[in-house]
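Just below is one structure, and these are the notes that go with it.
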Amino acid sequence: MPKLWTETIDAHRAAVRDAALNAMAALVAERGLVSLTMSQIAERAGVGRATLYKYFPDAQAVLTAWHERQINAHLDRLTAAAEPAEPAVVRLRGALRTFAEIQYYSARHHGGELAALLHSGEHVDLARQRLREFVENLIAEAAQDGDLRDDVAAGELAGYCLHALTAAGTVDSHDAVHRLVAVTLAGLGTPAPPP
38 MPKLWTETID AHRAAVRDAA LNAMAALVAE RGLVSLTMSQ IAERAGVGRA TLYKYFPDAQ
98 AVLTAWHERQ INAHLDRLTA AAEPAEPAVV RLRGALRTFA EIQYYSARHH GGELAALLHS
158 GEHVDLARQR LREFVENLIA EAAQDGDLRD DVAAGELAGY CLHALTAAGT VDSHDAVHRL
218 VAVTLAGLGT PAPPP
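Just add 37 to the spot in the sequence shown (first one is 1) and you have this note's numbering.
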């Protein structure tokens, strides 16, 4: 097959997939999850039902693919917040602030039934693992630079940060998010001298 043809088909497939995911997200926001059908998604996406079924077996698969796309966008945003030219502690600060903001906004847009449905599955487990490793590596590097405590394993501190900042989904203001990040970062400070 000529390269131009292959690129055109790949672009078409990506466009159909994105249209279906965007349509599904809009329908869930408007009508909720319970009444979501493949016919509604196809109509909103501007594709035929048969075409939609070529990409997804059912509405749950569309929802899962949409959520996976959202998670990857969040991970990309976290990575971008950790500017590579900066010292590790500055990159960690940026990543944790971004994680807390994602928690804050996600709680307002994807609560209840939808959150419970979306946050189970292999794609979520893999994303959590990637996130934890990312934060753990930043902590280890910052500790090695002497900017953070080194008396607690980086993996434990990564767990502490991520669990603490998940609470950003429960606070009621941006200022509270920033305070929560500050308190979490303070917990990573240099260790107290032994008694």
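Virtual Cβ for every residue (Gly too), placed ideally from N, Cα, C.
Please read these numbers as outputs of a predicted model, since none were measured by experiment.
At what residues does the alpha helix (DSSP H) containing S76 begin and finish?
-> Start and end: 75-82.
Could you tell me which of A110, L64, Q77, V126 sits nearest to R186, measuring between CA atoms?
-> V126
Please confirm whether A117 and L58 have their CB atoms less than 8 Å apart.
-> no
Cα separation between A144 and H211?
-> Just so you know, the alpha carbons of A144 and H211 end up roughly 13 Å apart.
Given A219 as reference, the closest of A87, V172, G131 once Cα atoms are compared = G131
Separation of L64 from E80, as counted between CA atoms | 11 Å
Does the region 198-214 come within contact of the region 159-174, defined as at least 3 CB pairs closer than 8 Å?
-> yes
Relative to the alpha-carbon of Y141, which residue among Q107, V208, P94 has its alpha-carbon at the smallest distance?
-> The shortest Cα separation from Y141 among Q107, V208, P94 belongs to V208.
Per-residue burial, L217 [other beta carbons within 10 Å of its own, 16 or more giving buried] = buried
Kindly list the residues whose CB is nearer than 7 Å to the CB of R54, restricted to its own chain and excluding five residues on each side of it in sequence; keep chain order.
-> Y92
With 16 as the cutoff for other CB atoms within 10 Å, does E67 come out buried or exposed?
-> Residue environment for E67: exposed (fewer than 16 other C-beta atoms within 10 angstroms of its C-beta).
Contact check, T221 vs L133, beta carbons under 8 Å = yes
Report buried or exposed for I307, applying the criterion of at least 16 other Cβ atoms within 10 angstroms of its Cβ.
-> Absent from the structure is residue 307, since the part of the chain shown begins at 38 and ends at 232.
Can the beta-carbon of A96 be found closer than 8 Å to that of A205?
-> Not in contact: A96 and A205 (Cβ atoms no closer than 8 Å).
Does the separation of the CB atoms of L100 and M75 fall below 8 Å?
-> no
Determine the contact status of L233 and I176, defining contact as a CB-CB distance below 8 Å.
-> Since the first and last residues shown for the chain are 38 and 232, residue 233 lies out of range.
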